[in-house]
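These notes concern the structure reproduced below.
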Amino acid sequence: MKLLYRSSLRYLLRHPAQVLLAILGVALGVAVVIAIDLANGSAQRAFMLSTESVTGKTTDQILAGQNGLSSDLYAQLRTELGLSAVAPVVDRTISLPNQPGRSFRLFGIDPFAEQPFRPYLATLFNNQTDLQALLTEPNTGLISAQTAQTLALTVGQTLETRIDGQRRNITIIGLIAGGDQLSQEALADLILVDIATAQELVGQPDRISRIDLILPEEQRSAILEQIKPLLPADATLTTPAARSETLQQMTRAFELNLQALSLLALIVGVFLIYNTMTFSVVQRRGLFGILRSLGVTRRELFSQILIEAAVIGTIGAILGVLLGIVLGRGLVRLVTQTINDLYFSVNVQNIAIDNIQLIKGFGLGLGATLIAASIPALEAMFSPPRTVLRRSSIEERIQRIVPRLTLAGLGLAGLGVALLQIPSRSLFLSFSAMFGVIIGCALFTPFVTLQMMRLLQIPLNRMFGLLGKMAARDVVAALSRTGVAIAALMVAVSVTVGAGTMIGSFRTTVVRWLDQSLQADVFVSAPSLSANRADTAIDLRLVEQIDQLPSVASMTTLLNLRVESELGPVQLAVANYQDSSLSRRALSFITDAEQAWQGFAEQGQVWVSEPFSYRYGRGLGDSITLQTERGPQQFTIAGVYYDYASDQGYISMNRRDFAKYWDVDTVHSITIWLAENADSATTISQIQALAAPIQDLKVQSNQALRQSTLEIFDRTFAITAVLQLLATIVAFIGILSALMALQLERSRELGVLRANGMTPRQLWLSVLSQTGLMGLTAGLLALPVGLILAVVLVYVINKRSFGWTMQLILDPNLLLQALIVAVVAALLAGLYPAWKMGRTSPALALREE
Amino acid sequence: MPEILINLDHVTKSFQEAGQARLVLRDINARIQQGEVIALLGRSGSGKSTLLNILSGIDAPSSGRITINDIELGQLNEHQRTLFRRQNIGFVFQFFNLIPTLSVEENVLLPLELAGRLTAAQRERAYELLRRVHLFDRRHVYPDKLSGGEQQRIAIARALAHDPLLILADEPTGNLDATTGQEVLNLLDEMSRQAGKTLLMVTHSLEVARRADRLLSMVDGQLVEHSLAEVEL
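Residue numbers (the UniProt record's numbering), protein chains in the order written: chain S, 1 to 849; chain A, 1 to 233.
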């Protein structure tokens with residue numbers, strides 16, 4: 001190894017704590033990015049696998065409307081059009097009572113039509129015993145070997161399921177061999193039954209969820225044209241790819257938000273690397289001077305520093321990748337939970353480790369390290385090769401460039417603000433602008449630090465004497481490093497303030513919205529797979545019985561369904577108000593409420609929720625064409641209302657109007673207003689007693705529903721809190737590393753002070769007051785920056801991601817906490833250097849290295 | 001007649017301080033022959049170190065020409081000056097300035113490695129130098145385990161390792177006690193004279209001045225030649 005590199009390696013080995021902290025900083029930054037990527041990727045992969053497992057080689061699909069497709073259509077396609085590759089499917093998401101939180105897919109097929117579609121079913125056709133049993137024995141099904149193992153089931157045993165709130169048993173008569181690992185995973189949540197069994201289990205005889213087709217490419221268009229006239233009005237002809245794309249689009253904003261948060265952790269990590277490398281350059285300024293005097297060229301010096309950074313970056317990134325995989329396993333549960341709560345059912349069995357994601361994370365970590373290190377490396381490269389390059393001259397230079405840094409910061413932050421003004425919905429643009437604002441504010445840090453220290457010198461002198469004054473001056477004297485450490489801590493704390501304020505504002509907005517919208521006394525729904533959607537039918541006998549209870553004064557029934565529209569599949573909420581005056585108080589309109597109610601009640605018009613209006617750009621007076629059972633039908637929007645239940649948005653329709661275009665007689669939820677003097681607990685017991693023989697029902701009081709809604713809200717933001725914490729840990733390591741390096745560099749100065757009579761207690765005071773001042777500066781600066789971030793998050797990012805309007809709520813406790821976190825983190829970071837210097841004998845500290 | 005190694009022609013150097021130019025070297029003209037040992041005297045801040053920096057190509061003059069071994073430093077860019085330095089200049093500093101993360105042997109080998117690939121002969125030459133400074137047995141230890149005198153002996157071995165034309169010594173005994181300083185001086189004098197090297201030593205020491213072939217001093221930014229008698233007076 002060349003002597004220069006050997007010297008570098010030994011330098012790193014001689015400063016293990018410094019190097020370890022730098023490695024840890026890179027590792028944590030990379031780990032957070034990898035973990036989020038893996039968690040998102042695993043959820044996506046699980047979704048894709050589950051789609052592929054039920055799609056197979058299908059090229060086109062006919063999707064049913066609300067009442068399913070008739071079996072006659074299937075017969076028509078085979079006989080009239082002469083199509084051979086046609087397969088009817090009953091596809092329903094169901095749950096198992098003993099597997100809470102996990103969804104399964106009841107998949108009913110016609111084994112004779114199946115063969116060309118799903119290759120993994122080939123084994124089924126090889127096993128005539130299974131096939132015969134499946135066709136002839138009632139309520140029989142097949143599951144994958146892996147699922148059988150997970151559920152501890154063997155062939156012949158019964159699987160208890162819950163379909164539309166009703167318990168149904170399926171006897172397992174065989175196992176599907178999935179072949180490779182991928183097929184096994186794809187089959188993991190599938191319960192395969194004969195189509196007739198499926199129709200019976202879901203209570204819709206002769207109805208089909210969809211018809212799969214394999215059409216030859218050259219005749220595809222012609223055949224599709226022949227199919228179209230045969231379809232009922234509410235059926236949709238689509239491709240599997242288009243369908244899964246629509247579903248995946250739903251989670252894109254959510255995933256992008258997580259990725260942006262994870263990048264913040266990496267940015268803080270980059271500050272840390274920059275700090276470490278700058279320190280290592282400043283610490284060796286004399287050494288580099290000697291090397292340059294001995295004939296080491298600028299390029300050689302530059303590559304020496306970059307190679308050191310590459311070593312740190314490589315080790316850190318490798319560790320980060322490993323740590324990211326571990327962290328990803330934890331985060332995937334949180335991500336999946338949120339997707340299940342807010343979007344669609346997805347089961348993640350295993351974390352999918354994608355090599356490309358790992359390489360990307362590794363490259364990001366190493367690249368960020370090299371970029372961060374290149375600045376101090378350039379500084380070293382262009383420093384004059386004088387043998388004694390005084391630190392003071394470097395500090396003077398830094399102080400000279402402070403005005404330029406501040407201007408650059410203003411420019412960058414201004415550019416960020418300007419980008420935010422562009423009326424675009426691009427989240428990439430919004431996040432880039434937000435990062436511009438954050439980094440721009442970080443560049444103000446040295447200026448603010450200088451001003452703060454100037455201001456604080458006098459009070460500190462009064463409080464602690466010369467030592468206090470020295471603490472403030474030392475922060476300024478080492479601004480090249482203190483500035484970066486303060487900036488890193490400031491960024492982390494401001495993110496805490498920004499994200500905390502956003503979540504707090506969002507929560508308060510939701511609480512206020514719940515207070516207003518949950519006006520009724522009791523809420524009834526059938527257990528659903530999704531936490532925030534009621535989409536399981538309530539038995540109509542029960543609806544009638546509940547209506548007749550003496551304690552029920554009035555009720556509103558609701559039906560949620562997905563319908564096709566000119567805008568793609570949309571969520572339709574159908575309400576049947578017995579007494580609309582009661583509900584008037586519950587809904588809050590952005591547009592004129594009177595006009596909204598009049599259009600809704602009297603003119604066959606619809607309402608849309610705010611996220612819907614934002615997402616699709618449709619507002620008051622606009623119209624939407626929905627695919628009804630009577631064909632396409634145009635509806636005018638009578639009003640836009642506030643709603644925080646779904647970021648996909650809703651169209652709300654009057655039940656009377658709905659009945660004109662659809663023959664769907666289903667109720668998904670009921671809201672009940674009690675008669676005067678009626679007691680909600682008694683009514684809940686009565687409803688539960690009514691439901692017991694028929695169906696499982698979730699009957700909640702106003703208070704309980706409010707509580708469970710807020711629980712979902714808090715669960716949704718659990719992952720944000722985890723990411724925030726990780727960013728703060730990275731920042732803490734950053735400031736610890738910076739302060740440790742700074743204080744250890746002061747060892748000679750502290751040795752002189754100790755030799756002149758400074759007690760170890762005074763030394764502690766000196767070190768801690770300096771680090772405390774840095775924490776205070778970071779904390780104070782983080783408050784306005786955090787609030788700017790909060791404004792951007794609340795009014796721009798959230799609006800563009802989800803379409804919700806929120807009120808900005810400032811929480812003084814949060815601000816105080818942030819300030820305390822900054823100061824305490826900085827004080828904690830000063831403990832080790834203070835302890836170490838306190839134990840070092842002044843004689844040793846005074847020795848030259 | 002010995003060849004002229006260094007030629008300084010109307011060399012000036014000024015620094016900007018608080019927006020004003022401070023002239024450190026004023027119109028310096030001098031010739032130094034190959035193999036000469038020269039003591040450079042002067043008060044602190046008189047510009048001695050600046051002159052050494054300019055001679056080594058670390059710093060460039062504000063005006064004037066410097067020629068070393070017929071190479072005009074002003075014609076070289078920064079990179080070429082660095083390469084010139086690594087081939088032709090050996091440094092001995094007041095505070096030794098050894099590389100703390102390299103062993104004694106590696107410190108001596110460093111200039112050889114910087115100048116190109118290390119050969120067995122070069123390595124042997126480094127070992128020979130270590131033997132001459134009586135530190136061959138301690139070649140594997142790190143500089144912080146050596147006394148000041150030992151560190152300076154290693155610095156002398158390092159300065160001679162790559163067979164430079166010119167050795168620049170900036171107060172080489174300034175940080176040593178009288179006896180150790182004497183030993184180091186003997187070694188530096190002896191080794192550079194034996195190797196026929198030109199040695200320019202910045203010093204405050206009369207003892208050093210006595211050993212020099214010529215005595216120069218920096219007075220008001222100008223180079224003045226003195227006799228030993230003048231200096232002793």
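Cβ atoms here follow ideal geometry from the backbone N, Cα and C, with glycine treated the same way.
May I ask you to report which of helix, strand or coil DSSP gives residue i?
| i | result |
| --- | --- |
| S/Ser221 | helix |
| S/Thr238 | strand |
| S/Ile729 | helix |
| S/Ile315 | helix |
| A/Asp163 | coil |
| A/Asn69 | coil |
| S/Trp607 | strand |
| S/Tyr614 | helix |
| S/Thr387 | Residue placement at S/Thr387 is flagged as unreliable, the pLDDT there being 41, under the threshold of 50; a coordinate-derived value is accordingly withheld. |
| S/Ile670 | strand |
| A/Glu17 | strand |
| S/Ile45 | Note that residue 45 of chain S corresponds to Arg in the displayed sequence, not to Ile. Three-state result, S/Arg45: helix. |
| S/Tyr74 | helix |
| S/Glu629 | coil |
| S/Arg462 | helix |
For a cutoff of 8 Å on Cβ pairs, would you count residue i as touching chain A?
| i | result |
| --- | --- |
| S/Leu736 | no |
| S/Tyr11 | yes |
| S/Pro16 | no |
| S/Arg6 | yes |
| S/Leu378 | no |
| S/Lys2 | yes |
| S/Leu287 | yes |
Could you round the C-beta distance between residue i and residue j to whole angstroms and report it? I think they count as a contact, below 8 Å.
| i | j | result |
| --- | --- | --- |
| A/Ile156 | A/Val92 | 6 Å |
| S/Ile637 | S/Gly649 | The pair is not a contact, with the Cβ atoms about 12 Å apart (cut-off 8 Å). |
| A/Arg26 | A/Gly221 | 4 Å |
| S/Thr501 | S/Asp811 | 7 Å |
| S/Asp234 | S/Gln703 | Not quite, the Cβ-Cβ distance comes to about 39 Å (not below 8 Å), so this is no contact. |
| S/Ile546 | S/Val574 | In fact, because the Cβ distance is near 18 Å, the residues do not count as touching under 8 Å. |
| A/Glu225 | A/Leu215 | 7 Å |
| S/Ala825 | S/Phe732 | 5 Å |
Is residue i close to chain S? Criterion is C-beta to C-beta, closer than 8 Å.
| i | result |
| --- | --- |
| A/Leu17 | The residue you asked about is not Leu; residue 17 of chain A is Glu in the sequence shown. Judged by the 8 Å Cβ criterion, A/Glu17 is not in contact with chain S. |
| A/Pro172 | no |
| A/Ser56 | yes |
| A/Glu113 | yes |
| A/Leu223 | no |
| A/Leu110 | yes |
I'd like to know if residue i contacts chain C, where contact means its C-beta is closer than 8 Å to some C-beta of that chain.
| i | result |
| --- | --- |
| S/Val493 | This model lacks chain C altogether; the protein chains it does include are S and A. |
Residues from the region 59-87 of chain A in contact with chain S, defined by Cβ distance under 8 Å: Asp59, Glu78, His79, Thr82, Leu83, Arg85, Arg86, Gln87
Chain-ordered residues of the region 95-107 of chain A with a beta carbon less than 7 Å from chain S: Asn97, Ile99, Pro100, Thr101, Leu102, Glu106
Contacting positions in the region 289-306 of chain S - beta carbon closer than 9 Å to chain A: Gly289, Ile290, Leu291, Arg292, Ser293, Leu294, Gly295, Val296, Thr297, Arg298, Arg299, Glu300
Runs of beta strand (DSSP E) lying entirely within the region 498-556 of chain S, each at least 3 residues, in chain order: 522-525
Sequence ranges, alpha helix (DSSP H) only - wholly within the UniProt domain "ABC3 transporter permease C-terminal" (725-842) of chain S, length at least 4: 747-755, 760-792, 798-802, 812-839
Members of the region 19-36 of chain S near chain A, C-beta cut-off 7 Å: none
Chain-ordered residues of the region 120-136 of chain A with a beta carbon less than 9 Å from chain S: none
Complete runs of the beta strand (DSSP E) confined to the region 98-164 of chain S [at least 3 residues]: 103-109, 140-144, 158-163
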